[in-house]
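Heads up: the structure comes next, in structure tokens.
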Amino acid sequence: MAETGDLNHTPLFDLHAELGAKMVPFAGYSMPVQYPLGVMKEHLHCRAQAGLFDVSHMGQVILRGENYEAVAHAFETLVPMDVADLDQNKQRYGFFTNDDGGIEDDLMFANRGDHLFVVVNAACKEADIARMKAALEPEVTVDEITGRALIALQGPAAEAALARLNPVAEEMVFMDVANLELAGAECWVSRSGYTGEDGFEISVPHDAAEALCRALLEMEEVEPIGLGARDSLRLEAGLCLYGNDIDATTNPIEAGLIWAIQKVRRAGGEREGGFPGAAHILSAMAEGVAHKRVGLLPQGRAPMRAGTPIFATDDGGEPIGTVTSGGFGPTVNGPVAMGYIGSSYAAVGTDLFGEVRGKRMPLKVAKLPLVPANFKR
Amino acid sequence: MKFTEEHEWLRVEGDVVVVGVTAHAAEQLGDVVFVELPEIDTEVSKDDEVCVIESVKAASDILAPLDGEIVEVNEALVDEPGKVNEDPIGDAWFFKMKASDLSQMDDYMDEAAYNNFIG
């Protein structure tokens, strides 16, 4: 087992040990990278049935103000999303931007009636909270929720599994949020996740987290899944990993995240701009971008990992792009990748080459997601 | 059978040495998804990187344990890299080499020493 001396533990640490997890340091936490089943089988299990993930390292934040509208309008100064018109009990994907139009972190936010609930990445949470406090207080209070674990139940059998604990789960559709009592605890549940599968993310009080996980793991269709499979699942699903596929230098238009910027915040929209870097992002939207994120399917068996340079020809020339996430996709049963390439090479089906250990190997630009999403809309 | 600190096993069969990775290594690697084998007839020196094993997680090298020449490779691993996890000591050998100096084998551990080495 890896050194866990200075690392934070989630409330599920002991359960991971009992389940035989291999623990690794991740964003300051000791987290399970895989269980005895192994990354490949965990991945396939999640696509076929249901996988349980501990994502308690992520940040959970509640923003409160005079009312939801006030909080939403304040939050819109930090993100290019439509927050104000988000229906109550609905969640949305978003990102914080900086003055250069880069992405500071990506996140999920939900309208919970009298407040905004935000989930941010573990590695960015301190900076995110500082950013929100600096920009929003005192009109809006920014409270990090430290007393709750966060778990994700993902896969086609997730609904049936969760409905056994509370039948209301069945009534929820993609991006719904609700308070559900699960295994005796009040949980904040969203029908979402980051695997491309149908499923739920569940915020549960620390002292109830283990019991809830055990109740789920007792079910035949549910297996614990580690960060290793989480990464291959999200890669096949074409979802960006912050720090790999997007970072403070990435314009969201380059990243293919234009869909996440609602019309009302775009040029000509009712609440156009007003977020950091708006000029850069709106001009990229209008004028196009020089390079953009694409799906990539290496044509051989060799994985092309992050950092693999991409070329237009099998010999000579300068690189036209780079792989930002790559590995083996168990569902695709072959290597999968995504990365940034010159926009003129970005058409689906374009034949390119990735250089692995000095050899150029064929690569095809592919439609994202690489495995179709399975959301219940 | 002899073992290297890089978790390879070496077995002498007639006039060639068969090379693979240990069960311990296979477990540490996780699911193997790709194997890049050396070319037959390649002359290699001890510690040359001759093979690449890619697991779901990362790429690792196999080093030539001896000076010599690669005489045969296990093509079955190209189509079924998962054999490395299933049967590392048996079916999932990587290559056979003709050693130019078999006394280099003496530098390596026997099974008891290797088991002690991996703790």
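Order-wise, the sequence lines are chains A and B.
Heads up: the first sequence is residues 84 to 460, going by the numbering used here.
Heads up: the second sequence is residues 515 to 633, going by the numbering used here.
In this text, a Cβ means the ideal position worked out from N, Cα and C, and glycines have one as well.
Can you name, in chain order, every residue of its own chain whose Cβ lies under 7 Å from the Cβ of residue i, other than the five neighbours on each side?
i	result
I228 of chain A	Q143, V144 and I145
T87 of chain A	A caution first: T87 of chain A carries a pLDDT of 47, below 50, which makes its placement in the model too unreliable to give a value.
G282 of chain A	A235, L236, Q237, G238, A241 and G276
D562 of chain B	L577 and A578
I329 of chain A	I186, D189, C323 and A338
K442 of chain A	none
C296 of chain A	L95, L98, L135 and I234
Check this for me: beta carbons of residue i and residue j, under 8 Å apart or not?
i	j	result
M106 of chain A	P115 of chain A	yes
R175 of chain A	F192 of chain A	yes
H363 of chain A	S426 of chain A	no
V547 of chain B	F96 of chain A	no
A331 of chain A	G185 of chain A	yes
D593 of chain B	V570 of chain B	no
N457 of chain A	E280 of chain A	yes
F631 of chain B	G534 of chain B	no
M421 of chain A	L318 of chain A	yes
A218 of chain A	T180 of chain A	no
D137 of chain A	H99 of chain A	yes
I424 of chain A	G399 of chain A	no
L451 of chain A	P381 of chain A	no
I341 of chain A	M368 of chain A	yes
I603 of chain B	A539 of chain B	no
E293 of chain A	P455 of chain A	no
Using DSSP with H/G/I as helix, E/B as strand and the rest coil, what is residue i?
i	result
A104 of chain A	coil
Q542 of chain B	helix
Q345 of chain A	coil
G378 of chain A	strand
A606 of chain B	coil
H521 of chain B	coil
T87 of chain A	Any reading at T87 of chain A needs caution, since the residue's pLDDT is 47, under 50, leaving its predicted position unreliable; the model's value is listed next. Correct three-state label for T87 of chain A: coil.
V305 of chain A	strand
E589 of chain B	coil
M619 of chain B	helix
C565 of chain B	strand
F257 of chain A	coil
C270 of chain A	strand
Since residue i contacts residue j with CB under 8 Å, what's their CB separation in whole angstroms?
i	j	result
G356 of chain A	A449 of chain A	G356 of chain A to A449 of chain A, Cβ: 33 Å. No contact.
A133 of chain A	V260 of chain A	The Cβ separation is near 20 Å, so there is no contact.
E308 of chain A	L135 of chain A	Sequence check: residue 308 of chain A is Ile here, not Glu. With a Cβ gap of about 6 Å, I308 of chain A and L135 of chain A count as contacting.
M255 of chain A	R231 of chain A	Wrong, their Cβ atoms sit about 19 Å apart, outside the cutoff.
A338 of chain A	R376 of chain A	5 Å
A266 of chain A	L248 of chain A	6 Å
D168 of chain A	V347 of chain A	7 Å
Q345 of chain A	M141 of chain A	Contact flag wrong, Cβ pair sits at about 24 Å.
T278 of chain A	L233 of chain A	With 8 Å as the limit, T278 of chain A and L233 of chain A do not qualify as a contact, their Cβ atoms being about 15 Å apart.
G390 of chain A	V406 of chain A	7 Å
Identify the contact partners of residue i in chain B, using a Cβ-Cβ distance below 7 Å as the criterion.
i	result
P386 of chain A	V547, F548 and E568
G410 of chain A	V570
M421 of chain A	What M421 of chain A touches in chain B: nothing, since even the nearest Cβ is about 17 Å away.
M106 of chain A	Ordered by position in chain B, no residue passes the 7 Å Cβ test against M106 of chain A, which lies about 14 Å from the chain.
R214 of chain A	The contacting residues do not exist; R214 of chain A stays about 33 Å from chain B at best.
Spatial neighbours of residue i within its chain, please: CB distance less than 8 Å, with the 5 preceding and 5 following residues excluded, ordered by chain position.
i	result
E222 of chain A	G148, E149, A153 and A157
Y622 of chain B	K516, F517, T518, L524 and P579
Y325 of chain A	I186, D188, D189, N204, A206 and C207
D581 of chain B	V558, S559, K560, A613, S614, D615 and Q618
G103 of chain A	Y118 and P119
K216 of chain A	V225
L591 of chain B	V549, L551, K597, V598, A606 and F608
Please compile the residues from chain B whose C-beta is within a distance smaller than 9 Å of the C-beta of residue i.
i	result
Q315 of chain A	The sequence shown places Ser at residue 315 of chain A, not Gln. Ordered by position in chain B, the residues that pass the 9 Å Cβ test against S315 of chain A are V570.
R443 of chain A	Neighbours of R443 of chain A on chain B: none; closest Cβ ~14 Å, over 9 Å.
V122 of chain A	G544, D545, S569, V570 and K571
R349 of chain A	Here the premise fails: no neighbours, minimum Cβ distance about 39 Å.
R297 of chain A	Correct list: empty, because the minimum Cβ distance to chain B is about 26 Å.
Grab me the residues of residue i's own chain with a C-beta within less than 6 Å of its C-beta, minus the 5 sequence neighbours each way, in chain order.
i	result
K610 of chain B	V530, V532, V585 and E586
V122 of chain A	G311 and A312
D605 of chain B	K597
L127 of chain A	P413
S574 of chain B	I567
Q117 of chain A	K105, G309 and G311
A350 of chain A	L365
Report the neighbours of residue i on chain A: residues whose CB is nearer than 8 Å to its CB, in chain order.
i	result
G633 of chain B	Residues of chain A passing the Cβ test: none, with the nearest at roughly 13 Å.
Quick one: which chain B residues come within Cβ less than 8 Å of residue i?
i	result
V482 of chain A	Missing from the structure shown is residue 482 of chain A; chain A here goes from 84 to 460 and no further.
Q117 of chain A	G544
R231 of chain A	Simply none; closest approach about 30 Å.
G311 of chain A	G544, V570 and K571
R175 of chain A	By Cβ distance, chain B contributes nothing, its closest Cβ being about 32 Å from R175 of chain A, past 8 Å.
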